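Numbering (our numbering), first residue to last: 9 to 162.
Cβ atoms here follow ideal geometry from the backbone N, Cα and C, with glycine treated the same way.
Keep in mind that this is a model prediction, so the values were computed, not measured.
In what follows, a structure is listed as structure tokens, so that the remarks can point back to it.
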């Protein structure tokens with residue numbers, strides 16, 4: 009093939025965001041996710057403290073946490089409990105997913121993937137509603153002492 013007919017490779021599409029946009033995207037995602045999480049957890053008796061939603065249970069105070077990454081480009085969703093003696097355990101919400109593939113796919117979440125009405129954002133809210141909230145309610149009840157939990161508590 010002559011130099012003039014060289015294959016240019018795959019077509020490069022411009023990103024839908026630029027690095028300079030990240031602070032605005034992060035702020036927008038934090039605000040909108042907080043609104044969605046408030047809508048699920050506040051009616052269930054949770055109270056919000058910054059990026060954590062807490063509820064006192066029988067033996068444990070349980071919480072859901074929207075944790076930002078120390079590097080600022082991604083975030084995590086955690087489920088945790090604190091005993092009356094102050095011992096704390098928490099798990100990433102993905103620890104409660106049924107397969108290794110899903111656990112890997114839903115570990116860290118980039119803010120750009122949660123911006124707007126994205127499929128990933130809808131899936132996180134679905135997971136909180138269908139997996140996270142039932143687990144939090146179980147941990148807050150007397151069954152919290154008997155509940156089998158995933159390994160790897162942080």
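Identify whether residue 146 lies in helix, strand or coil by the three-state DSSP scheme.
In this structure, residue 146 counts as helix in the three-state DSSP scheme.
To the nearest angstrom, report how far apart residue 129 and residue 123 are at their CA atoms.
Distance between the alpha carbons of residue 129 and residue 123: 7 Å.
Taking the CB atoms as reference points, tell me whether residue 148 and residue 65 lie closer together than 8 Å.
Yes, Cβ-Cβ distance for residue 148 and residue 65 is below 8 Å.
Please report the straight-line C-alpha distance between residue 63 and residue 43, rounded to a whole angstrom.
If you take the alpha carbons of residue 63 and residue 43, they lie about 18 Å apart.
Where does residue 168 sit, in a helix, a strand or coil, going by DSSP?
What is shown of the chain runs 9 to 162, which leaves residue 168 out entirely.
Check the C-beta distance from residue 45 over to residue 119 and give it rounded, since I have them as a contact under 8 Å.
Their Cβ separation, rounded to whole angstroms, is 15 Å, which puts residue 45 and residue 119 out of contact at 8 Å.
With residue 122 as the anchor, note down where its alpha helix (DSSP H) starts and where it stops.
Start and end: 119 to 122.
Counting C-beta neighbours from all protein chains within 10 Å, is the total for residue 61 16 or more, i.e. buried, or is it exposed?
Residue 61 is buried by the Cβ-count criterion.
In terms of residue numbering, what span does the beta strand (DSSP E) encompassing residue 57 cover?
Start and end: 55 to 57.
Once DSSP output is grouped into helix, strand and coil, what is the label at residue 82?
Residue 82: strand per DSSP, three-state reduction.
Can you tell me which of the three DSSP states residue 40 falls into?
In the structure shown, residue 40 sits in a helix (DSSP, three-state: H, G or I).
Out of curiosity, what's the CA-to-CA distance linking residue 40 and residue 54?
In a straight line, the C-alpha of residue 40 is about 18 Å away from that of residue 54.
Per DSSP, what kind of secondary structure is residue 153 in: helix, strand or coil?
The answer is helix: DSSP assigns residue 153 an H, G or I state.
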